[in-house]
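Below is one structure; the comments refer to it alone.
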Amino acid sequence: MLHTLEVMFLRVYMAIFKLVTAVLPFKWPQTFEGADSSLNLINHMATQGHKRVLIVTDEMIVKLGLLEKMLAEMDKAGLEHAIYDGVKPDPTVAQIEAGHRVLADNDCDAVLAVGGGSSIDAAKMISARAKNQKPIIKMTGLFRVWRGMLPLYAVPTTAGTGSEVTIAAVVSDPEQQRKLPAMDLKLMPTAAALDGALMTGLPPHITAATGMDALTHAVEAYVSRNAMSRTDERAIEATQLIMRNLETAFDEGSNIEARQNMARASHLAGIAFTQAGVGYVHAIAHNFGARYHVPHGLANAIVMPHVLEYSLPNAAPRLAELARECGIGPADGSEQQLAEAFIQKIRDMNTKFGIPSTLESLQERDIPPIASAALAEARFTYAVPRYMDQGAAEGVIRQMLPA
Ligand SMILES: NC(=O)c1ccc[n+]([C@@H]2O[C@H](COP(=O)([O-])OP(=O)(O)OC[C@H]3O[C@@H](n4cnc5c(N)ncnc54)[C@H](O)[C@@H]3O)[C@@H](O)[C@H]2O)c1
Ligand SMILES: [Fe+2]
Numbered sequence: 013m014l015h016t017l018e019v020m021f022l023r024v025y026m027a028i029f030k031l032v033t034a035v036l037p038f039k040w041p042q043t044f045e046g047a048d049s050s051l052n053l054i055n056h057m058a059t060q061g062h063k064r065v066l067i068v069t070d071e072m073i074v075k076l077g078l079l080e081k082m083l084a085e086m087d088k089a090g091l092e093h094a095i096y097d098g099v100k101p102d103p104t105v106a107q108i109e110a111g112h113r114v115l116a117d118n119d120c121d122a123v124l125a126v127g128g129g130s131s132i133d134a135a136k137m138i139s140a141r142a143k144n145q146k147p148i149i150k151m152t153g154l155f156r157v158w159r160g161m162l163p164l165y166a167v168p169t170t171a172g173t174g175s176e177v178t179i180a181a182v183v184s185d186p187e188q189q190r191k192l193p194a195m196d197l198k199l200m201p202t203a204a205a206l207d208g209a210l211m212t213g214l215p216p217h218i219t220a221a222t223g224m225d226a227l228t229h230a231v232e233a234y235v236s237r238n239a240m241s242r243t244d245e246r247a248i249e250a251t252q253l254i255m256r257n258l259e260t261a262f263d264e265g266s267n268i269e270a271r272q273n274m275a276r277a278s279h280l281a282g283i284a285f286t287q288a289g290v291g292y293v294h295a296i297a298h299n300f301g302a303r304y305h306v307p308h309g310l311a312n313a314i315v316m317p318h319v320l321e322y323s324l325p326n327a328a329p330r331l332a333e334l335a336r337e338c339g340i341g342p343a344d345g346s347e348q349q350l351a352e353a354f355i356q357k358i359r360d361m362n363t364k365f366g367i368p369s370t371l372e373s374l375q376e377r378d379i380p381p382i383a384s385a386a387l388a389e390a391r392f393t394y395a396v397p398r399y400m401d402q403g404a405a406e407g408v409i410r411q412m413l414p415a
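What follows is the structure, given as C-alpha cells:
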C-alpha cells in the first residue's frame, strides 16, 4: 500500500483536478445519430464553406466500400475531397506526417475521419499538424496543441474508443515501445455521426474487443473519484447499453439495432471518461499494448477483471450500483455480492468472446517496467478508487502471466 500521507496528497491533488475539470469549457461536437446519419454529416459539412476535405481512413475501410455512400453524397453536395488511407492500428508519427503531406499537397481546409479510434486519432493529429509548426511528439502531453486544428469531422466505424467525442489522440512510438496521448480541448471534433450501418461488417473479435474498451471507459469513469452526476448518467446508460447489446452485436453482426446502441454507448462512455478520466485498467493496458502490440480493447478486456478485483475494497458500492442498474446479480444481494457479480459478468463476457484472462506474450522480466510505467501514467492523471504501489501493481499484472 502507498504511504497514508502520499494517498492524502494524491486525494487533495485529484480533488483540485476535479474542480478544474468541472469548469473546463468542453465544446461537444454536434452529433448526428442513426443508420446513414453519416450522410447527414456530409450535408452539414457542405454548408460550412470548406474548399476541399481530407478523408483520413485505413485500407480496410476503403476495401469494404464503407466510404462509397459518403463519397457519392460529397459529389452531390459539391464537396471536393482527397483521401489518405495509410492509417494502421495504433497510428505512428510517420503515418501522421504522411497524412499531413496529402493534406498540404491537396490544399485541404478540413478533415473527415472515417474509421476506428486509430483513424480518428490520426486525423486529429493531422489536423493539428496543419495548424502547428512543431513535431507531432511535441504536441503529446497536456494542452500542447496551442494553435488548435483544422475543422475535424468524425465517423466512427467501431464502438469503441469514443474518440469522436474526446479531447485525446493516442500517438504510438514503436521505437521506444510507448503510447503517447495528446490531450487538449482543441482536439475535440466539430461534428460526428453515429452510424451503426457502417459497423455491421465489423468482425466478431473486433466487435468484442472494441466494445470492451467502451465498457472500460464507462466503468472506470463511474468508479473514478472524479465522477460527477453528469458523468454518472452517461456512464450508467453506456454500461446498460453495452450489457444489453454487445453480445447480440457479437453474435449477429448485421443486427442494426444492436450496432446503433453500441455506437451510442461508446459515445456516451467517451463523454463520461473525458471528464471523469479512466484508471489503472487503461494505464496497464496502454503499456501492454505498446510493448506487445495487443489491440487496445483486447488489452483492456484482459486487464479489467483483475484491476476491478483489486479495487473492490473501495469500489464495491459503485460497482454494486452498476450491477443494480443493469439487473446483474441477486436483487437482494449485498453490495459486496453485487459488485462481485458485476466483475463475474465481465469475466463471463470475456469467456464468450474468447478473450483470455492472461496475456500470452507477458514475460516475468517485463512486469516491473510495465508496472512502473502504468503507475507513472496514472499517478497525476487518473482519480482511481484504490491506489497501487509498485508491489501491488506488479502483483495485479503477475496474475496475467500465462500458466
Ligand atoms: N482518442 C481517444 O480518446 C482514444 C480512446 C481509446 C483508445 N484510443 C486509441 O484508439 C486506437 C484503437 O481504435 P479502435 O479500437 O477503434 O481500433 P482501430 O481503429 O485500430 O481498428 C481496428 C481494426 O478494425 C478495422 N475496422 C474498423 N472499423 C471497421 C468496420 N466497420 N468493419 C470492419 N473492420 C473495421 C480496422 O481496419 C482495423 O484493422 C488505439 O490506438 C487506442 O489507443 C483512443
Ligand atoms: Fe480506451
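Position one of the sequence shown corresponds to residue 13 (our numbering), numbered consecutively onward. Cβ atoms here follow ideal geometry from the backbone N, Cα and C, with glycine treated the same way.
Under the three-state reduction of DSSP output, V319 falls in the helix class.
Ranked by how close their Cα comes to the Cα of Q356, the residues P193, E389, A313 and Y234 have A313 in first place.
Distances taken from the Cβ of T228 to the heavy atoms of ligand 2 include one shorter than 8 Å. Between C338 and M255, the CB-CB gap stays under 9 Å. In this structure, T219 lies away from V290, with their beta-carbon atoms at least 9 Å apart. Straight across, the Cα-Cα distance linking Y25 with E406 is about 25 Å. DSSP, read as helix, strand or coil, puts L79 in coil. Residue pairing by DSSP places T43 opposite A204 in a beta bridge. For A395, there is no enclosing beta strand (DSSP E), as DSSP marks it with neither H nor E. Here DSSP, grouped into helix, strand and coil, assigns E187 to coil. The nearest non-hydrogen atom of ligand 1 is 8 Å or more from the C-beta of M274.
Spanning the alpha carbons of A281 and A247 requires a straight line of approximately 6 Å. DSSP, read as helix, strand or coil, puts T104 in strand.
Short note on H305: C-beta not closer than 8 Å to any heavy atom of ligand 2. From the listed residues R64, S50 and G111, the smallest Cα separation to D70 is found for G111.
In this structure A351 is in contact with L324, their Cβ atoms being roughly 6 Å apart against a cut-off of 8 Å.
I268 and M137 have their alpha carbons spaced roughly 31 Å apart. Note: D70 is bridge-paired with G98 in the DSSP secondary-structure output. Beta-carbon to beta-carbon, G128 and T169 are separated by about 6 Å, close enough to satisfy the 8 Å threshold. Close CB contacts of R336 within its chain, under the 7 Å cut and outside five residues either way in sequence, are with L350 (chain order). Around the beta carbon of F365, 16 or more other beta carbons sit within 10 angstroms, so the residue counts as buried. Under the 8 Å Cβ criterion, the stretch 153-161 counts as touching the stretch 182-200, having at least three qualifying pairs. DSSP, read as helix, strand or coil, puts G153 in strand.
Distances from the alpha-carbon of P103 to those of E85, S130 and P381 put S130 closest. By the criterion of a C-beta distance shorter than 7 Å, C120 is surrounded in its chain by R64, V65, L66 and A94, once the five residues flanking it on both sides are discounted. Between L53 and A277, the gap from beta carbon to beta carbon reaches 9 Å or more.
Put simply, the backbone Cα of Y394 is about 8 Å away from that of Y292. When secondary structure is reduced to three states using DSSP, E92 falls in the strand class. The alpha-carbon of S184 is positioned some 44 Å away from that of A343. Taken through DSSP and simplified to helix, strand or coil, M195 comes out as strand. In the three-state reduction of the DSSP assignment, V306 falls in the coil class, being assigned neither a helical nor a strand state. If you look at L164, you'll find it isn't in any alpha helix (DSSP H); it sits in the beta strand (DSSP E) that goes L164 to P168. DSSP, reduced to helix, strand and coil, places V32 within a helical segment of the structure shown.
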